[in-house]
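Q: Residue numbers (this note's numbering), protein chains in the order written: chain V, 1209 to 1380; chain Z, 36 to 311. Glycine is no exception: its CB is placed at the ideal position from the N, C-alpha and C atoms. The following block contains the structure, expressed as structure tokens.
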């Protein structure tokens, strides 16, 4: 448990720093990689929903403070955290068969992880741009941005997850 | 009582969810940009030290472009200095040099440490703050044109409302005429903004320069903003809108100048007494 806690704290800091750098990226004026949601995706499935929501809210708030988007990421992350478990059990009805509660390519397999990750990324992008739609309406551009950001974030996260996973195997 | 406690424990995740949603909604919908607490903006000390560290590295990447632009501006300024010198000589001949010249504006040079262009409301953070003489509602420009207006200041950092933020409306006019309108960003592209409320009877050419009007104390008159790209068709009212290509490249901001107006207090007082 303590090992998991330390990994989570380190991952929290790395994700915030990475997202600050990624905030500068806006491919073709539509696609932004929301890398930091990897932290939420990677929290162990055995962790209680209350903890998941608290941690997600915190990372959202920190990102908000850094990118001057008061409350936007915090709200989207909280909803994402609440939706995580139902979406996971949609693809894996019997979670007790899992050897390791941390969702990753290694524990779920590539295709299953891709399904899980893409769904949650799409949910997050819809939420973020949906919330932005309150303050400003640009409907067509919003649709493009949701699609572009979902695609870019998924690609980046698959790459990131395979890096993290291979490092672990080498250490073992 | 016991049932009530059981109920709370059983549904605790719902309560926590609702609590966080309310908290983030308060933050989200209570965002008058001039009233935000400094701790919740990128002008606080933790954010600024992280951003300074990153920008120490990344500022090197833009050096070549900035150098080119500075060279060009230097050349333009040299020409201007020469012509101004000639004018001063002329005035000296007419014995008018004793007229009191008041220095109205001063500039504070500072570096951008964080910048966004992809959000609907964009902000910029710079590495000079209240201790360097920066206060709220000062104008910010770079070598090409207008960048934004300062809104939150920390001791050593300040947050600027970027021109790419619909909360900012800038009074502008077309160079060489006195017809003015207000410039606002439409949230689509970081290279274009819309100049609204231009009177319908005036005809403008594509490529005309748009400058600040000087009708507020924030920017002096005549700072470049952009050039006219196309005229947008509007309904049947007496005004029309122009699409403006911004001269400032918001995708690679690095050094900006904050304009300090020594006569702002006086100006505001005059305006206030006007409204009475």
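1. Go through its chain and collect everything with a Cβ distance to residue 1353 of chain V's Cβ below 8 Å, but skip five positions before and after it.
2. What residues from the segment 266-292 of chain Z come within 9 Å of chain V, judged by C-beta to C-beta, listed N to C?
3. Rounded to whole angstroms, what is the Cα-Cα separation between residue 303 of chain Z and residue 297 of chain Z?
4. Against residue 194 of chain Z, what residues of chain V qualify as contacts under a CB-to-CB distance less than 9 Å, listed in chain order?
5. Closest Cβ-Cβ distance between residue 1200 of chain V and chain Z: below 7 Å?
6. Alpha carbon to alpha carbon, how far is residue 154 of chain Z from residue 290 of chain Z? Give it in angstroms, no decimals.
7. Do you know whose CA, among Z:280, Z:258, Z:90, Z:198, lies nearest residue 241 of chain Z's CA?
8. Spell out a yes or no on whether the segment 1250-1262 of chain V and the segment 46-65 of chain Z are touching, meaning 3 or more CB-CB pairs, one atom from each, closer than 8 Å.
9. Mapping the DSSP letters down to three states, classify residue 1378 of chain V as helix, strand or coil.
10. Can you find a C-beta in chain V that's less than 7 Å from the C-beta of residue 222 of chain Z?
11. Could you say which of Z:148, Z:193, Z:197 lies nearest to residue 156 of chain Z if we only look at CA atoms?
12. Which of the three DSSP states, helix, strand or coil, is assigned to residue 234 of chain Z?
13. Pick out the complete beta strand (DSSP E) segments inside the segment 96-161 of chain Z, 3 residues or longer, and give them in chain order.
14. What are the complete beta strand (DSSP E) segments, minimum 3 residues, inside the segment 234-269 of chain Z?
15. Going by beta carbon distance, what residues of the same chain come within less than 7 Å of residue 87 of chain Z, once the five residues before and after it are set aside?
16. Between the segment 254-265 of chain Z and the segment 174-181 of chain Z, are three or more C-beta pairs nearer than 8 Å?
17. Which residues share a DSSP beta bridge with residue 188 of chain Z?
18. How would you label residue 1227 of chain V, buried or exposed, when you count the other beta carbons within 10 angstroms and need 16 or more for buried?
19. I'd like to know whether the C-beta of residue 1265 of chain V is nearer than 7 Å to at least one C-beta of chain Z.
20. Is the beta carbon of residue 207 of chain Z less than 7 Å from the beta carbon of residue 145 of chain Z?
21. Between residue 192 of chain Z and residue 83 of chain Z, is the Cβ-Cβ spacing less than 7 Å?
22. Mind listing which residues of the segment 1347-1372 of chain V have their C-beta closer than 9 Å to chain Z's C-betas, in chain order?
23. What does residue 126 of chain Z touch in chain V if you count any residue whose Cβ is under 8 Å from its own?
24. Just the C-alpha distance for residue 1282 of chain V and residue 112 of chain Z, rounded to the nearest angstrom, thanks.
A: Straight from the coordinates:
1. 1238, 1239, 1240, 1333, 1337
2. Of all residues in the segment 266-292 of chain Z, 286 have a Cβ within less than 9 Å of some Cβ in chain V.
3. 11 Å
4. 1276
5. No statement about residue 1200 of chain V is possible, as the shown extent of chain V runs from 1209 to 1380 and does not include it.
6. 21 Å
7. Here the closest residue by C-alpha is Z:280.
8. yes
9. Unreliable placement is indicated for residue 1378 of chain V, whose pLDDT of 49 sits below 50; the coordinate value is still reported in the next sentence. The answer is helix: DSSP assigns residue 1378 of chain V an H, G or I state.
10. yes
11. Among Z:148, Z:193, Z:197, the Cα nearest to that of residue 156 of chain Z belongs to Z:197.
12. strand
13. 140-150, 158-161
14. As far as the segment 234-269 of chain Z is concerned, its whole beta strand (DSSP E) runs of at least 3 residues are 244-247, 259-267.
15. 148, 162
16. The segment 254-265 of chain Z vs the segment 174-181 of chain Z: in contact.
17. Z:193
18. buried
19. yes
20. no
21. yes
22. Result list: 1349, 1353.
23. Per Cβ cutoff of 8 Å: no residues; residue 126 of chain Z is ~48 Å from chain V at best.
24. Answer to the nearest angstrom: the Cα atoms are 48 Å apart.
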